[in-house]
Amino acid sequence: RGHIALHAETAADIMVEDPVSIREDASIHDAIVLLTNKGISAAPVIDAAGRPVGVISRSDVIVHDRSRLDWPYENGIGRTPRVAEEDSMRVSDLMTPAVFSVSPTTSARKVVKDLLGLNVHRLFVVDKGVLVGVITPLDILRHMRD
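To convert, take the position in the sequence shown, counting from 1, and add 706; that gives this note's numbering.
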């Protein structure tokens, strides 16, 4: 019987290069469009120099949008919700400011341990402070062979 093994040595072997990212000064609307059009659940947030400063997720946007809805009631009967005001918030206002990252030379074994130990859905690969890749559990599975 064969054993399934990870066929990768380093984070660079596993990562998806040049991940879709969004600038910290982008609007929340821009984030919604990006996440929807790319069909992704989250994106790294970068500063002007390309350094990762956080993560924006669909969950962040949904929670934010729910808090902006005005649910008027009339005689106990709910009406259609409406947006309270135009949203001027930026991605930096909503993002999770934690960035879990590894370097391109981090061992594949440590990447797996970090994903599990940190209980996260993605690790960012950072080289000299600049975002160069992303690794998700699905990327790990793509490198499993028997």
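Backbone N, C-alpha and C define an ideal beta-carbon position, used for all residues, glycine too.
The structure presented is a predicted model; accordingly, all values stated were derived computationally and were not measured.
Q. What does a CB cutoff of less than 7 Å around Leu824 pick up in its chain, not counting 5 residues either side in sequence?
A. If we look at Leu824 and ignore the five residues flanking it on each side, its Cβ neighbours are Phe806.
Q) Under a three-way DSSP split, which group does Ser794 fall into? A) Ser794 carries a coil assignment under DSSP once its states are collapsed to helix, strand and coil.
Q) How many Å lie between Ala718 and Ile841 at the Cα? A) In a straight line, the C-alpha of Ala718 is about 9 Å away from that of Ile841.
Q. With burial defined as no fewer than 16 other Cβ atoms inside 10 Å of the residue's Cβ, what is the status of Thr812: buried or exposed?
A. Burial call: buried.
Q. Does DSSP classify Ser809 as helix, strand or coil?
A. Coil.
Q. Based on the DSSP secondary-structure assignment, which residues constitute the bridge partners of Asp833?
A. Secondary-structure assignment with DSSP links Asp833 through a beta bridge to Val836.
Q.
Using a 10 Å radius around the Cβ and a threshold of 16 neighbouring Cβ atoms, would you call Ile734 buried or exposed?
A. It is buried - the Cβ of Ile734 has at least 16 other Cβ atoms within 10 Å.
Q: Output the boundary residues of the alpha helix (DSSP H) element that contains Glu759.
A: For the sequence presented, residue 759 should be read as Val rather than Glu. Val759 -> not in any alpha helix (DSSP H); beta strand (DSSP E) instead, spanning Pro758 to Ser763.
Q: Could you spell out where the beta strand (DSSP E) holding Val876 opens and where it closes?
A: This structure leaves residue 876 out entirely; the chain is present only between 707 and 852.
Q. Closest by CA to Asp753, which one among Asp852, Arg848, His849 and Gly835?
A. The shortest Cα separation from Asp753 among Asp852, Arg848, His849 and Gly835 belongs to Gly835.
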